[in-house]
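Quick note: to get my numbering, add 5 to the position in the sequence shown (first position is 1). A virtual CB, placed ideally from N, CA and C, is assigned to each residue, including glycine. Some notes on the structure that comes next.
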Amino acid sequence: MKQELKSLEQSLPNWIFVRGYDSKGRGVDLIRAAIAGLENTPYRYGLFFFDILIPYDYPSKPPQLFYHSMGHSLNNPKLGQDGKVDVPFLQVPYRFNILEILKFIQNSILNYQECVPSSSRHELKKKRKYNLDQQEKKKVAVIFKQTCETMLSIMEKPPQDFGDFVAAGYFRKWSNRILLCCKEEMQKHNSVMDLHFFFKLLKAFEANGSYCRHHYDHKLKSLIMNMDKDTERIDETFFEKLFKYMG
Numbered sequence: 006m007k008q009e010l011k012s013l014e015q016s017l018p019n020w021i022f023v024r025g026y027d028s029k030g031r032g033v034d035l036i037r038a039a040i041a042g043l044e045n046t047p048y049r050y051g052l053f054f055f056d057i058l059i060p061y062d063y064p065s066k067p068p069q070l071f072y073h074s075m076g077h078s079l080n081n082p083k084l085g086q087d088g089k090v091d092v093p094f095l096q097v098p099y100r101f102n103i104l105e106i107l108k109f110i111q112n113s114i115l116n117y118q119e120c121v122p123s124s125s126r127h128e129l130k131k132k133r134k135y136n137l138d139q140q141e142k143k144k145v146a147v148i149f150k151q152t153c154e155t156m157l158s159i160m161e162k163p164p165q166d167f168g169d170f171v172a173a174g175y176f177r178k179w180s181n182r183i184l185l186c187c188k189e190e191m192q193k194h195n196s197v198m199d200l201h202f203f204f205k206l207l208k209a210f211e212a213n214g215s216y217c218r219h220h221y222d223h224k225l226k227s228l229i230m231n232m233d234k235d236t237e238r239i240d241e242t243f244f245e246k247l248f249k250y251m252g
């Protein structure tokens, strides 16, 4: 295990952050990992927390994984809302290491392809990278919205020992980029609910210490925040004015 911890120190990929715990005085037996969603995926800039429980007879037996869903679904068959993580190689005999598990989660599970039924993946691979049909585009947008909902819950109640990292570190750095991604999605899928959610997320970032004033007109923000969520869809001229104000 000491060798694996050293490997994590030296070779941990960007956008993965870990902390080890020794709960029984026998060495590290729990690793908590924060894994950021990569660009060009529906999980982009999201922050996802996993616990890796190391058995006393590791590596003879594989570790156990738990995903902190924060009560949200990501429509990902590999990540259960109950915390279950489907990693196919966590079985006996175990021939992998912690670093490989973390890389697999970031590159293979937090990836749009995992959200597509296996029968459709061949067709998806035949398409150009960004040439998704309307149904797929909508699904990507939904997953990104769910990713942002998870962000809100993490900011409200960050996992133990990650409070400063979540607030003063990660989201303060990436809040503006996340809001730009939200604007891009709203321009594709215009709805009042999206507007409410955008300002809810923006408000959380501002409360967290991020400067977001350049993303909106103050009067417009007040208007949107006071709108009833059940208001019928507003005509396109409203959105033209909206995005002009929002920049």
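Which value, in whole angstroms, describes the spacing of the CA atoms of residue i and residue j?
{"i": "Ser-158", "j": "Met-75", "result": "6 Å"}
{"i": "Phe-167", "j": "Thr-46", "result": "24 Å"}
{"i": "Phe-55", "j": "His-219", "result": "34 Å"}
{"i": "Leu-43", "j": "Asp-91", "result": "20 Å"}
{"i": "Lys-193", "j": "Lys-144", "result": "12 Å"}
{"i": "Ser-125", "j": "Gly-214", "result": "Note that Ser-125 has pLDDT 46, beneath the 50 cutoff, so the model's placement of it is unreliable and no number is given."}
{"i": "Gln-86", "j": "Asn-80", "result": "9 Å"}
{"i": "Tyr-117", "j": "Arg-49", "result": "11 Å"}
{"i": "Pro-98", "j": "Tyr-63", "result": "11 Å"}
{"i": "Thr-255", "j": "Phe-203", "result": "Absent from the structure is residue 255, since the part of the chain shown begins at 6 and ends at 252."}
{"i": "Ser-78", "j": "Ile-114", "result": "14 Å"}
{"i": "Thr-152", "j": "Ser-12", "result": "29 Å"}
{"i": "Lys-142", "j": "Ser-28", "result": "44 Å"}
{"i": "Glu-9", "j": "Phe-53", "result": "22 Å"}
{"i": "Tyr-61", "j": "Asp-199", "result": "47 Å"}
{"i": "Lys-89", "j": "Lys-83", "result": "8 Å"}
{"i": "Asn-181", "j": "Cys-217", "result": "7 Å"}
{"i": "Gly-30", "j": "Ile-103", "result": "20 Å"}
Once the 5 residues before and after residue i are set aside, which same chain residues still bring their CB inside 6 Å of it?
{"i": "Lys-150", "result": "none"}
{"i": "Ile-36", "result": "Val-23, Gly-25 and Ile-57"}
{"i": "Pro-163", "result": "Val-171"}
{"i": "Ile-183", "result": "Tyr-50"}
Starting from residue i, trace the alpha helix (DSSP H) both ways and give me its first and last residue.
{"i": "Gln-151", "result": "139-161"}
{"i": "Leu-43", "result": "Per DSSP, Leu-43 belongs to no alpha helix (DSSP H) and is neither H nor E."}
{"i": "Gln-96", "result": "Run containing Gln-96: none; DSSP gives neither H nor E here."}
{"i": "Ile-103", "result": "103-109"}
{"i": "Leu-185", "result": "177-193"}
{"i": "Gln-5", "result": "The chain is shown only over 6 to 252; residue 5 falls outside these bounds and no answer can be derived."}
Need the endpoints of the beta strand (DSSP E) that residue i sits in, please.
{"i": "Ile-57", "result": "52-58"}
{"i": "Phe-253", "result": "Nothing about residue 253 can be reported from this structure: the residues present for the chain run from 6 to 252 only."}
{"i": "Gln-69", "result": "69-73"}
{"i": "Gly-256", "result": "With the chain covering 6 to 252 only, the question about residue 256 has no answer from this structure."}
Cutting at 8 Å between CB atoms, please list the residues of its own chain near residue i, excluding the five before and the five after it.
{"i": "Lys-7", "result": "Gly-32"}
{"i": "Ile-106", "result": "Ile-57, Pro-68, Leu-70, Val-92 and Leu-95"}
{"i": "Gln-15", "result": "none"}
{"i": "Glu-161", "result": "Ala-209"}
{"i": "Cys-186", "result": "Arg-49, Tyr-50 and Phe-149"}
Return the chain-ordered list of same chain residues with a C-beta closer than 7 Å to the C-beta of residue i, the five sequence neighbours on each side being excluded.
{"i": "Ile-110", "result": "Ile-40 and Phe-55"}
{"i": "Arg-177", "result": "Asn-213, Gly-214 and Ser-215"}
{"i": "Asp-169", "result": "none"}
Sorry if obvious, but does the Cβ on residue i come closer than 7 Å to a heavy atom of the ligand GDP?
{"i": "Gly-85", "result": "Among the ligands in the structure shown, none appear at all, so the ligand GDP cannot be discussed."}
Practice task
Decide yes or no for the touch test of the region 200-209 against the region 54-69: beta carbon pairs closer than 8 Å, at least 3 of them.
Solution key: no
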